[in-house]
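Working notes for the structure below.
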Amino acid sequence: MTVLDYQDGEEAGLKSATILVQGTYAFGYLKAESGVHRLVRISPFDASGRRHTSFASVTVIPEIDDTIEVEINNEDLRIDTYRSSGKGGQGVNTTDSAVRITHLPTKIVVTCQNERSQLQNRETAMRVLRGKLYHLELERKQQQLEGLSTANVANAFGSQIRSYTFHPYCLVKDHRTNVETGAIQKVMDGDIDQFINAFLINAR
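Numbering follows my numbering, with no gaps: position 197 of the sequence shown is 197.
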């Protein structure tokens, strides 16, 4: 697992992150995590100790190889460079090595600052962009087949796929499969196999 980009939150935590996961059937398994995840807890950043609800949107896209053609016109891209703010060894924070690519027709933005050089970050960002555009086209075709509109896509803040409740009780519940567990800390530590397996069985 490699962190390609990490953006700090304005007050605490993170705003966004891009992570590359490599392994057998990585996309096939992790696509079950696409959607909105809801967290209910006593916020450690609230001096009054009040309960807060937070949301995180997760998008899982495949990394496609060169055998799959994705047409990207150079005139459709805006490429910005800036000084990296993360870890990366020599060169970080001294040169504009980080890269942000905006695909103007779709407004998709991809950033990468993990690599040491601007060229490497640009190549990695382009691979991520190709994957996102390919995934977007697959979703569009799937929606046409199912007669769905983009307004009905499940990845909306009114339609969570899973809830993580730390207070007033401990429970993780997947709203698509109704699988639930009280072992919330194990889930937060990455033990999500039961949720993925149930989703894949239901999707057959």
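Beta carbons: idealized from backbone N, C-alpha and C, even for Gly.
Practice problem: Take F55 and list the residues in its own chain whose beta-carbon comes closer than 8 Å to its own, dropping the five residues that flank it on each side. | Solution: V36, H37, R38, L39, F157 and Q160
Quiz item: Sorted by chain position, which residues of the same chain lie with C-beta nearer than 6 Å to L20's C-beta, five sequence neighbours on each side aside?
Solution: T2 and L4
Quiz prompt | Per-residue DSSP class, three states only, for R100 | solution = strand
Quiz item: Taking the runs of the beta strand (DSSP E) that are 3 residues or longer, which of them lie wholly in the segment 94 to 144?
Solution: 98 to 103 and 108 to 112
Quiz item: Roughly how many angstroms separate the alpha carbons of T95 and I108, rounded to a whole number?
Solution: 25 Å
Quiz item: Relative to the alpha-carbon of Q22, which residue among K15, L30 and S16 has its alpha-carbon at the smallest distance?
Solution: L30
Quiz item: How many whole angstroms separate the CB atoms of A198 and T177, which I take to be in contact at a CB cut-off of 8 Å?
Solution: 4 Å
Quiz item: The beta strand (DSSP E) with F55 in it runs from where to where?
Solution: R51 to V58
Practice problem: Leaving aside the five residues before and after V110 along the sequence, list all residues of the same chain whose C-beta is less than 6 Å from its C-beta, in chain order. | Solution: I101, A125, V128 and L129
Self-check item: 6 Å CB neighbourhood of E63 in its chain, flanking five on each side removed
Solution: G131
Quiz prompt | Chain-order list of residues whose beta-carbon lies under 7 Å from that of I68 (same chain, five-residue window excluded) | solution = Y134
Quiz item: V40 bridges to which residues according to DSSP?
Solution: T53 and T165
Exercise. Look at the alpha carbon of R122 and the alpha carbon of T24, and state the distance between them as a whole number of angstroms.
Key: 26 Å
Quiz item: Among the residues of its own chain, which have a CB less than 7 Å from the CB of V60, if the five just before and after it don't count?
Solution: F27, L30, K31, E33 and S34
Self-check item: Range covered by the alpha helix (DSSP H) that runs through T185
Solution: Sequence check: residue 185 is Gln here, not Thr. I184 to M188 is the extent of the alpha helix (DSSP H) around Q185.
Self-check item: Pair within 8 Å by beta-carbon distance, F166 and I42
Solution: yes
Quiz item: Tell me which same chain residues have a C-beta within less than 8 Å of the C-beta of A17, skipping the five on either side of it?
Solution: V3, D5, Y6 and Q7
Quiz item: Can you list, in chain order, the residues of its chain whose CB lies under 8 Å from that of L104, leaving out five sequence neighbours each side?
Solution: D76, L77 and R78
Quiz prompt | Cα-Cα separation between I192 and I72, rounded to whole angstroms | solution = 36 Å
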